[in-house]
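Have a look at the structure below before the remarks.
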Amino acid sequence: EVQQSRALRDHFFSFFRRKARLPCNDTRRDYSLRCVRLCRWLELAWEEGFDPIGAAQLKPIYGTRKWIGSTEAAALLRSFGVHAKIVEFVDKDAQKAEREREAARRVQG
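Yeah, the sequence shown ends on 109 if you go by UniProt numbering, and it's all consecutive.
Here is the structure:
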């Protein structure tokens, strides 16, 4: 199992090294096949205990058209030994507007 994990990790990094050299809109490559592989790797990460909450909410993801988010990407990267940290960028104006809407709702009752 350790050998399989290492082989997957090596394949994963090889995949991204190749992808980094290609433009994002390169239609000559089989993008959907890559997404299927990423989804399977994500499920393997879940099986190893990475992001149990995400696994409970999204599993199964392999073979579906579900979207993955930052927590799933972080779980996948962490399963390959990459230090991944999720950082949220907050729009101060949007945050202020939400507080004002909430205050108005409280006043209206």
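C-beta: ideal position from N, C-alpha, C; glycine also.
Three-state class that DSSP yields for residue i in the structure shown
i	result
A104	helix
G81	coil
D51	coil
E88	coil
K59	coil
Alpha helix (DSSP H) segment containing residue i, residue limits
i	result
T64	First-last for T64: undefined, no H or E at that position.
Buried or exposed (CB count within 10 angstroms, at least 16 for buried), residue i
i	result
D91	exposed
A97	exposed
D93	exposed
G69	exposed
W41	buried
A55	buried
E72	buried
Residue of the options minimising C-alpha distance to residue i
i	options	result
A84	A55, R65, D51 and A103	D51
P60	C39, V107, S70 and T71	C39
residue 123	W67, K66, L76 and Y62	Given a span of 1 to 109 for the chain in the structure shown, any question on residue 123 remains unanswerable.
I53	A74, R101, R37 and T64	A74
Inter-stretch contact at 8 Å, needing at least 3 Cβ pairs: the segment 37–48 / the segment 72–80
yes
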